[in-house]
Amino acid sequence: MVLSSFQADMEMQPYLLLDPYLIWFFRLTGQAWLNFLLGTLVVAVLALLVGELTSFLASFLVRRHFQEVAGEAKKYQELSMEALKTGDRPAYEAANKLANDAFSKSFFMQLALSATFFWPIFFFLGWMQYRFFELEFPIPFTGYSLGYIGVFILVYIPVYILFKQVKHKLPYFIGIKRLLDIYAQPLGALTQVPAGKPVGDPGGQGSLLP
Amino acid sequence: MRNKTVLVIFFLAALAVVATLALAEPSWAGKLEEAIAQTPVGTGPGMIHPDMPKGFMGIPGAPHHFFLFYILWGIWVGWIFSSVGAFGGIMAGVGHISVFGLSDYGRSFRQTNPALGKLITDSIRTSNQYLVGLSALISSFTYYRMGRLVLPLGLCLAVGGILAGYLVPLLTVGKMAVSLYVGFFGIIVFAVAFVLFYETTPKGQEKKKAAKAAAKAFEEAHIKKSTQVSAEHAKGVQVTHWGLSKIAFTFYGQEFSFNPIWPLLGGFVINGISAFIGVGGGFLYVPFLTSVAGLPMFIVAGTSALAVLVGMVVNIFNMMVMRQVPVDFILISTELIGIAIGSVLGPVTSKKIPDIWLKRIFVVLAVYVGIGYLTKGFMGHSIFPGM
Numbered sequence: 589m590v591l592s593s594f595q596a597d598m599e600m601q602p603y604l605l606l607d608p609y610l611i612w613f614f615r616l617t618g619q620a621w622l623n624f625l626l627g628t629l630v631v632a633v634l635a636l637l638v639g640e641l642t643s644f645l646a647s648f649l650v651r652r653h654f655q656e657v658a659g660e661a662k663k664y665q666e667l668s669m670e671a672l673k674t675g676d677r678p679a680y681e682a683a684n685k686l687a688n689d690a691f692s693k694s695f696f697m698q699l700a701l702s703a704t705f706f707w708p709i710f711f712f713l714g715w716m717q718y719r720f721f722e723l724e725f726p727i728p729f730t731g732y733s734l735g736y737i738g739v740f741i742l743v744y745i746p747v748y749i750l751f752k753q754v755k756h757k758l759p760y761f762i763g764i765k766r767l768l769d770i771y772a773q774p775l776g777a778l779t780q781v782p783a784g785k786p787v788g789d790p791g792g793q794g795s796l797l798p
Numbered sequence: 045m046r047n048k049t050v051l052v053i054f055f056l057a058a059l060a061v062v063a064t065l066a067l068a069e070p071s072w073a074g075k076l077e078e079a080i081a082q083t084p085v086g087t088g089p090g091m092i093h094p095d096m097p098k099g100f101m102g103i104p105g106a107p108h109h110f111f112l113f114y115i116l117w118g119i120w121v122g123w124i125f126s127s128v129g130a131f132g133g134i135m136a137g138v139g140h141i142s143v144f145g146l147s148d149y150g151r152s153f154r155q156t157n158p159a160l161g162k163l164i165t166d167s168i169r170t171s172n173q174y175l176v177g178l179s180a181l182i183s184s185f186t187y188y189r190m191g192r193l194v195l196p197l198g199l200c201l202a203v204g205g206i207l208a209g210y211l212v213p214l215l216t217v218g219k220m221a222v223s224l225y226v227g228f229f230g231i232i233v234f235a236v237a238f239v240l241f242y243e244t245t246p247k248g249q250e251k252k253k254a255a256k257a258a259a260k261a262f263e264e265a266h267i268k269k270s271t272q273v274s275a276e277h278a279k280g281v282q283v284t285h286w287g288l289s290k291i292a293f294t295f296y297g298q299e300f301s302f303n304p305i306w307p308l309l310g311g312f313v314i315n316g317i318s319a320f321i322g323v324g325g326g327f328l329y330v331p332f333l334t335s336v337a338g339l340p341m342f343i344v345a346g347t348s349a350l351a352v353l354v355g356m357v358v359n360i361f362n363m364m365v366m367r368q369v370p371v372d373f374i375l376i377s378t379e380l381i382g383i384a385i386g387s388v389l390g391p392v393t394s395k396k397i398p399d400i401w402l403k404r405i406f407v408v409l410a411v412y413v414g415i416g417y418l419t420k421g422f423m424g425h426s427i428f429p430g431m
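Chains as they are written, first to last, in our numbering: chain A, 589 to 798; chain B, 45 to 431.
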């Protein structure tokens, strides 16, 4: 499907504006498959960076409320652990129920906040849909084929993993991590059993971001 | 060890992408285009005319709304998620089914091209899943990183979830008419309405009050005492018995046990609902695990997160990559922008509106939607307007 089939609707305007710049990355070499790979890589990196930025902004805006909700879950979880240690089963069940209720609330809050990270992925996939909708790559030795979505996913995952490793060493993100770690302390404390022994992710405190 | 795993995954993924692209010739295909080509040409119901403006999924003549409308609905969904919780997923589905007119559009093809109608149904389901399920992936991953995992429990849930994630798309993709989907969606809405309603009843409220009183009493009785941590406590989760009818483990000196068939069935049903309807799933694991094994919350967080992670990966991979269900990414991205905004607004308003009144409003809404969809799905038309 070529660019000329775009509707001149308002929602297409961002794509029309970005298209000349994005498509340039798909025309860097003389090899079609390499072009597609490089272009998809650039799109994946852009989606990741924009998602990181917007999710940080949103997390920062709701940090206080999130602290309250996570703090309540932490409080009742610690109480349930204390009850377990003393063998008080009714008290454990009561505190655990309240901890689960608070956890559910924070779970859904995080779920909604996740949208701040994901929307660029779908935004850029929307552009790829119009550019590469009919493109398919048969997977060798199988009856299946990979479309632009499959290639994007396969490229995005390692980009995400790699970025996560180096993110907190990059100048801008060092500051973000410091800020988020301060506010994510209640969430991080959920990893600690009352003996002070960290569980789960012993490497660091919890974070509002993945 | 962890870095090595990451590097291996990265290398394998990169190898897979390069090999596929280098060795394969691109070929042209499109379930959607095939379906459109088989539809009668015209401007009446159940017809497609190529000169009509493109709408949903780029189909000429399909419903099409100003993008701000999608964002506004997304704000509503995000606000509900960050205020009340579970009902947000239902509203996401309502948007796709009723508000944007997609189910009526899909139904219009039942005489002229049922295959296109079923494709639209599958796209609605997958869109729901992207909107709700993918977001659950991130929050689940966060809790999975944090929480302690009960491996046998997590495995049983995951196996059940994988089975459902494979079987449900296999049995239903390309086979479900919009009406049937809407009817089943109505049943799920009723289930959520029932749970919300129970929480607003005096009995439901009493249980929570009693729990708070018991927790407070314990806290006051033990506030000055610090319990010594024994060697038993420091061990964490210890699985003591593996069996086909019973799996037992100790945690903090207390024994917990469960029959593995229950988490297997639970994982199957919960992920099956998620794969079938597109919403629900994640939030059901926590109460399910609490009632099955009475587990401490921070074990439930990690264990259920594993199940959600596995289930979502299987569902989305199956629907999108293997079954090639098309979705409208512009619709989803604009809705996600709205949900992102709503997620920030929810905390702002939550202090001003009591939780119980929010739940009461949503109970009324859920009953309205549930009855509307049940009658629309199984009787052919909704007894309530707007559905």
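From the three backbone atoms N, C-alpha and C, an ideal C-beta is built for every residue, glycine too.
At 8 Å on the CB atoms, spell out the chain C contacts of residue i, in chain order.
i                 : result
Leu199 of chain B : The displayed structure is made up of protein chains A and B, and chain C is not among them.
Please return the same chain residues whose Cβ sits closer than 8 Å to the Cβ of residue i, not counting the five positions on each side in sequence.
i                 : result
Pro94 of chain B  : Val85 and Pro104
Gly414 of chain B : Gly230, Ile231, Val233, Phe234 and Ala237
Pro158 of chain B : Ala221
Leu625 of chain A : Val739 and Val743
Pro196 of chain B : Val283, Trp286, Ile291, Phe293 and Pro304
Ala81 of chain B  : none
Val407 of chain B : Ala237, Leu240, Phe241 and Thr244
Ile397 of chain B : Ser127
Output needed for residue i: all residues of its chain with C-beta closer than 6 Å, excluding positions within five of it in sequence on either side, in chain order.
i                 : result
Ala679 of chain A : Ala671
Val358 of chain B : Ile206 and Gly209
Val630 of chain A : Phe613
Leu750 of chain A : none
Ser301 of chain B : Lys290 and Ala292
Trp72 of chain B  : In this predicted model, Trp72 of chain B has a pLDDT of only 33, less than 50, meaning its place in the structure is not dependable enough to derive any value.
Leu380 of chain B : none
Leu67 of chain B  : Low per-residue confidence applies at Leu67 of chain B: pLDDT is 47, beneath 50, and the placement is therefore not dependable, though the value from the model is reported in the following sentence. Excluding residues within five positions, none has a Cβ falling inside 6 Å.
How would you list, in chain order, the residues of chain B whose beta-carbon sits under 7 Å from the beta-carbon of residue i?
i                 : result
Leu617 of chain A : It is Thr, not Leu, that sits at residue 617 of chain A in the sequence shown. Here the premise fails: no neighbours, minimum Cβ distance about 12 Å.
Trp707 of chain A : Ser377, Leu380, Ile381 and Ala384
Phe711 of chain A : Ser377
Thr642 of chain A : Ala384
Leu701 of chain A : Ser387
Tyr664 of chain A : Ala259
Ala635 of chain A : By Cβ distance, chain B contributes nothing, its closest Cβ being about 10 Å from Ala635 of chain A, past 7 Å.
Thr730 of chain A : Within chain B, no residue comes near Thr730 of chain A; the closest Cβ sits about 10 Å away, beyond 7 Å.
Which chain A residues are close to residue i, counting only those with a beta carbon under 9 Å from its beta carbon?
i                 : result
Phe262 of chain B : Leu667, Glu670, Ala671, Thr674, Asp676, Pro678, Ala679, Tyr680, Ala682 and Ala683
Gly297 of chain B : Leu672, Lys673 and Gly675
Val194 of chain B : Those within 9 Å of Val194 of chain B in chain A number zero; the least Cβ separation is about 12 Å.
Grab me the residues of residue i's own chain with a C-beta within less than 7 Å of its C-beta, minus the 5 sequence neighbours each way, in chain order.
i                 : result
Val226 of chain B : Ile141, Ser147, Tyr417, Lys420 and Gly421
Pro726 of chain A : Ser733
Trp120 of chain B : Met135 and Gly386
Asn623 of chain A : Phe614, Arg615, Leu616 and Thr617
Phe706 of chain A : Gly639
Gly248 of chain B : Tyr242
Val344 of chain B : Val330, Leu333 and Thr334
How close, in whole Å, do the beta carbons of residue i and residue j come, if the pair is a contact with beta carbons under 8 Å?
i                 : j                 : result
Gly198 of chain B : Thr347 of chain B : 5 Å
Phe712 of chain A : Val330 of chain B : With 8 Å as the limit, Phe712 of chain A and Val330 of chain B do not qualify as a contact, their Cβ atoms being about 33 Å apart.
Leu163 of chain B : Ala79 of chain B  : 5 Å
Gly118 of chain B : Thr378 of chain B : 7 Å
Thr83 of chain B  : Leu160 of chain B : 6 Å
Using a Cβ cut-off of 8 Å, pull out every chain B residue sitting near residue i, in sequence order please.
i                 : result
Lys693 of chain A : Gly129
Ala646 of chain A : Ala384, Ser387 and Val388
Ala661 of chain A : Met341
For residue i, which residues in chain B fall below 9 Å Cβ to Cβ?
i                 : result
His653 of chain A : Ser126, Gly390, Pro391, Val392, Ser394 and Lys395
Val650 of chain A : Ser126, Ser387, Val388, Gly390, Pro391 and Val392
In the DSSP output, what is residue i paired with across the bridge?
i                 : result
Lys98 of chain B  : B:Pro104
Thr294 of chain B : B:Gln282 and B:Glu299
Ile92 of chain B  : B:Val85
Interface residues of chain A around residue i at Cβ under 7 Å?
i                 : result
Lys256 of chain B : Leu686
Gly209 of chain B : Going along chain A, no residue has its Cβ under 7 Å from Gly209 of chain B, so there is no contact; the nearest lies around 16 Å.
Taking Cβ-Cβ distances shorter than 8 Å, what residues in chain A pair up with residue i?
i                 : result
Gly338 of chain B : Glu681 and Asn684
- Item | alpha helix (DSSP H) runs contained entirely in the stretch 713–757 of chain A, provided each spans 4 or more residues | With a minimum length of 4 residues, the unbroken runs of alpha helix (DSSP H) contained wholly in the stretch 713–757 of chain A fall at 736–754.
- Contained alpha helix (DSSP H) runs [length at least 4] in the stretch 651–684 of chain A, N- to C-terminal order: For the stretch 651–684 of chain A, whole alpha helix (DSSP H) runs of length 4 or above, ordered along the chain, are 651–674.
- Task: Give, in chain order, every unbroken run of the alpha helix (DSSP H) that is at least 4 residues long and sits entirely within the stretch 125–168 of chain B.
- Result: Runs of the alpha helix (DSSP H) inside the stretch 125–168 of chain B: 131–138 and 146–151.
- Scan the stretch 334–422 of chain B and note each continuous alpha helix (DSSP H) run of 4 residues or more that stays entirely inside, going in chain order. Secondary structure within the stretch 334–422 of chain B: the alpha helix (DSSP H) runs of 4 or more consecutive residues, fully enclosed, are 341–360 and 373–394 (chain order).
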